[in-house]
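This report refers to the structure that appears directly beneath it.
Numbering (this note's numbering), first residue to last: 241 to 790.
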């Protein structure tokens, strides 16, 4: 169900000039309707190829399209009906066996068969490979509360819902070929057909030339796998279209007004558009996004299973942080690896906390508006995700309940019941730290200068009152560093010979020796959260070499 939008005159006016990318795309749709009014709802579509388990890129298309849909709703005072169709190309032939199935040999006899005619290799719970992956997609989308309609290519082809447009494709076969043939090499031109018949003998999707195309009868003739000619209707799921013509056919059949796709489709967009127009449709508005890359800079792939899965992200951070990752810079290629999670977890909280005090223009530029359809929740999280992970590190916590002992000292009024988002964040921090941070920690010993400086820091912390603020502690850290020639920075802003600045080398030494990492939190805030006595003890353990032994 679509969430209700809060629309005020000031917000509507801000939307008309907002430079947030969903509004820029939505304004194209508004202009489209002004030029060619439409009787029915505006159709947003996303496509999914269930050749492998759905990955975060698939989720991203739905999340981003939903953001454009909500922007369009605001621009039109939510007076124009809309639909979001998530279309699965599950009638495609299985051209290769995915790397991440449990038994590749089991699937070999089903190569080239439609994905909904291939057995489920994972659980036998679903009728087919395609049905299994479709169910996983729907589970993911339902988990995020998207308003969408699921559509299966197999069901649409077999039920006859595409029949009218397929018969039109037979009638306009030559026009379609005129679009396709110039895009192909000479060898492929000799055998190409936009129609892919399903073999009556084997059930495989056949890539064969047409011997006859009969627009009067709506039939095609081709040589089946046994060499005999077969004449059959293009309707009723007996054939499907090649993927490029299929794009355009689907747009024409469903009346699609908006679809986004990855950069790898960009050069084919004019082909999709032209075929849509040949088949009587109006080409939709497009939005091309950059591709997601894995940790090695390679494009993520459903069949390879590289990159993060949705379940993996949600093990270590909130759904909202994933939505933020999708919102930010869609036209820039982004690494989709575990190390992007902490930044997005913290940035999401920052955006939500800023939202209540912003004016309408700033709110529409805030990702929180787009993530929550204009109604971000009130969230009180006084401690960042990154800080919680450092707390896990020094406390050796394996349960979030351990962290709450420290959290309550830092924020006495906080509790899991009053601050459920903070409680959730603490749980994520424990899991993320032990999975990804702890294995990479490398502590080092202090040299003589560092040892003396850390001893001075411990003594300085002892002089501070127990209720010292984070600012007091941070000032003490600077005072200690400023007294050490190695860490003095005379080029720092406002530095004087009497009061030099403090170089980042001092803080780097603290993080490497005490926390076993190159970077760390604002140390004053960390020490107050962890406790001044505990921080002094941490320094003592590091200087005694206890972390090196571990």
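All C-beta atoms, glycine included, are put in the ideal place defined by N, C-alpha and C.
- Rounded to the nearest whole angstrom, the C-alpha separation of residue 442 and residue 465 is 8 Å.
- Restricting attention to alpha helix (DSSP H) runs no shorter than 4 residues, the region 542-628 encloses them at 550-556, 559-567, 581-594, 600-605 and 607-611, ordered along the chain.
- The region 266-282 and the region 569-577 do not touch, with fewer than three beta-carbon pairs separated by less than 8 Å.
- Comparing alpha carbon positions, the residue from 515, 641, 521 and 675 closest to residue 657 is 641.
- Following the DSSP letters along the chain, one finds residue 702 inside the alpha helix (DSSP H) bounded by residues 688-703.
- With contacts defined as CB atoms closer than 8 Å, residue 704 and residue 772 qualify as a contacting pair.
- A straight line joining the alpha-carbon of residue 481 with that of residue 434 spans about 6 Å.
- Judged by DSSP in its simplified three-state form, residue 323 adopts strand.
- Following the DSSP letters along the chain, one finds residue 334 in no beta strand (DSSP E), marked with neither H nor E.
- Straight-line spacing of the CA atoms in residue 489 and residue 285 works out to 13 Å.
- Put simply, the backbone Cα of residue 405 is about 57 Å away from that of residue 628.
- Taking C-beta separations shorter than 6 Å and ignoring five residues to either side along the sequence, residue 590 has no partners in its chain.
- One Cα belongs to residue 575, the other to residue 440, and the distance between them is close to 44 Å.
- For residue 510, the enclosing alpha helix (DSSP H) begins and ends at 509-518.
- Comparing alpha-carbon positions, the option among 452, 309, 730 and 680 lying closest to residue 323 turns out to be 309.
- Non-local C-beta neighbours of residue 452 in its own chain, meaning closer than 6 Å and more than five positions away in sequence, comprise 461, ordered along the chain.
- Annotation: residue 321 to residue 271 spans about 16 Å, alpha carbon to alpha carbon.
- If you draw a straight line from the Cα of residue 757 to the Cα of residue 684, it comes to about 9 Å.
- The Cβ atoms of residue 445 and residue 289 lie no closer than 8 Å to each other.
- Contact between residue 311 and residue 266 holds, with the beta-carbon distance rounding to 4 Å and staying under 8 Å.
- Beyond the five residues adjoining it in sequence on each side, residue 363 comes within less than 8 Å, by CB distance, of 372 in the same chain, given in chain order.
- Judged by beta-carbon spacing, residue 584 lies beyond the 8 Å limit of residue 604, meaning their Cβ atoms are not closer than that value.
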